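Protein chains in written order, with our numbering: chain S, 23 to 196; chain Z, 23 to 196.
Please read the structure below before turning to the comments.
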DNA sequence: CTTTTCCGGACCAATTTCGTCCGGTTCAAT
DNA sequence: ATTGAACCGGACGAAATTGGTCCGGAAAAG
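Next comes the structure, spelled out in structure tokens:
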């Protein structure tokens, strides 16, 4: 009854992408560093997202991934289903298999309703929403180590950006 | 993102129990036959339900399981959590583990909402509701074979009980 | 004391999850 | 043209989970 890590990482990776200007091309490695995701795994996940048209890939040097659409037009449901396939809380609800019970099935009716609710939440939440709420672990750590480089004596009060936008490398360093 | 068979079988087994007068003691084997559940597996599942106080067990000859409470006072959520442990759509939401992200986490907020919806559906649905909706495969098959025993020439129009109560062995045979 | 039935732990096979790895392809820059 | 950077995609594999089975034991009834 849990989402897979793949879907989890997919969402996180996309928020990292969405934090940037639309269309900016970013390497897998950079995204992984920001969100604490195993490197080669995110590669696989982004392939699925690319096939689903959520992300565009560019090969060769200077290549990487970029968002294919505006973050406010990508729903969590799309992301998750692109990675895991259609959501189905129970066997009965598998679209092509169907329920093996003859007349009525206690499980079908119960899980169908729950599944609808879940899909409703997921389809109402956009990547923009998610990005707004999210503070990536990786970026926070990076900021912290940069800060302690600057004032090596300061032990605790390293001030972290806590709300709103998080400064990217380009702006925050020097 | 799917419920386990254990939980599935647990719900089905309980509907079989709930179809009978409250307190009636039924053997595992009978329940399995009615709902098409592997025999020894349901044993395991019923142990959990017994520990959770949903079902009472009686050992020895004439023993078996009986519902501990009125079907309308047992929720689907109780049943499922008795078998699978607390529902958690995502790691962040594991009660004791918690979320490893520092400030805000896109995943927490998303899945917390979805999870609440699911739990709401499950806790609003009672065993009585489920039993009312359900027509067990096993019983239908049993009825069919009994009927074709009686009229071996009748190929198709074997009339099956389709809605409402389903006659149990005791009443339907002879 | 024998039979019946659940208890509960050990065990096992299959599947899924969570990745890694590597050769191939594409693209840019030299 | 060559080189290096980066994704593509399939194969591979270890670990965890799922979906059960099995068996010796305990308890209850006759």
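Just so you know, even glycine gets a beta-carbon here, dropped at the ideal spot from N, CA and C.
What you are looking at is a predicted structure, and each value in this text was computed from that prediction instead of being measured.
- CA-to-CA, the gap between residue 88/Z and residue 61/Z works out to about 17 angstroms.
- Interface annotation for the region 100–128 of chain S against chain Z: 106, 109, 110, 111, 112, 113, 122, 123, 124, 125, 126, 127 and 128, criterion Cβ-Cβ distance under 8 angstroms.
- Annotation: Cβ neighbours of residue 33/Z in chain S (cutoff 9 angstroms, chain order): 128, 129 and 132.
- Listed along chain Z, the residues sitting closer than 9 angstroms to residue 152/S by beta-carbon distance are 128, 129, 131 and 132.
- Shown here for residue 70/S: same chain residues with a beta carbon closer than 7 angstroms to its own, the five before and five after excluded, namely 104 and 105 in chain order.
- Contact annotation: in the region 34–56 of chain S, residues whose CB is within less than 8 angstroms of a CB in chain Z are 34 and 37.
- If you ignore the 5 residues before and after residue 145/Z, its C-beta comes within less than 7 angstroms of the C-beta of 97 and 99, all in its own chain and listed in chain order.
- Residue 159/S belongs to the set of residues whose beta carbon lies under 8 angstroms from a beta carbon in chain Z.
- Counting C-beta pairs with one atom in each stretch, the region 133–149 of chain Z and the region 131–148 of chain S have three or more that are closer than 8 angstroms, which means they touch.
- Looking at the DSSP output, residue 80/Z shares a beta bridge with 86/Z.
- In the three-state reduction of the DSSP assignment, residue 26/S falls in the coil class, being assigned neither a helical nor a strand state.
- Taken through DSSP and simplified to helix, strand or coil, residue 148/S comes out as strand.
- If you check the CB distance, residue 128/Z and residue 34/S come in under 8 angstroms.
- Around residue 117/S, the same chain offers 108 and 110 as residues with beta carbons nearer than 8 angstroms, after the five sequence neighbours per side are excluded.
- Taking a cut-off of 8 angstroms for Cβ pairs, the region 45–55 of chain S and the region 37–56 of chain Z do not touch, as fewer than three such pairs fall below it.
- For residue 67/S, no Cβ of chain Z is located within less than 8 angstroms of the residue's own Cβ.
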